[in-house]
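For reference, the structure is listed below as structure tokens.
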Amino acid sequence: MGNAQKLQLHLSADNYATCKRPNVKASLEKRKCLHTHFTPTRSSWMNMVERFFRDIAVYLRDGSFGSVREVESSIITFLQCEMHRRLATFGMLVEMIS
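Position one of the sequence shown corresponds to residue 2 (the working numbering), numbered consecutively onward.
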């Protein structure tokens, strides 16, 4: 058994209605390596996750990378800048209400 046959893919979706369609449901059930997880309607945390990955994708789209290590380094830089920005914003809020 090759590595590809051992892989498991977990798919998170926030629109369960789409996956109830007979053709989609049949296709998903055929793939034993695919595990679907559905979030409840109006899951605001899922929107935050989607925005987070969108922001990383936009940040990376402007770059040119010669290796996976360069991509990883760029993601770490993005996360450090984002964390600094959020902490600065939080600090400003604390000062405003103090």
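Think of the CB as a built atom: it goes at the ideal place given N, C-alpha and C, for glycine as much as any other residue. Everything numeric in this text was worked out from a predicted model, so none of it was measured.
{"Asked": "Cα-Cα separation between residue 8 and residue 94, rounded to whole angstroms", "Found": "45 Å"}
{"Asked": "Separation of residue 91 from residue 36, as counted between CA atoms", "Found": "37 Å"}
{"Asked": "DSSP three-state assignment for residue 37, whether helix, strand or coil", "Found": "strand"}
{"Asked": "In DSSP terms, what residue 14 is bridged to", "Found": "39"}
{"Asked": "Cα-Cα separation, residue 15 to residue 21", "Found": "13 Å"}
{"Asked": "Straight-line Cα distance separating residue 52 from residue 30", "Found": "29 Å"}
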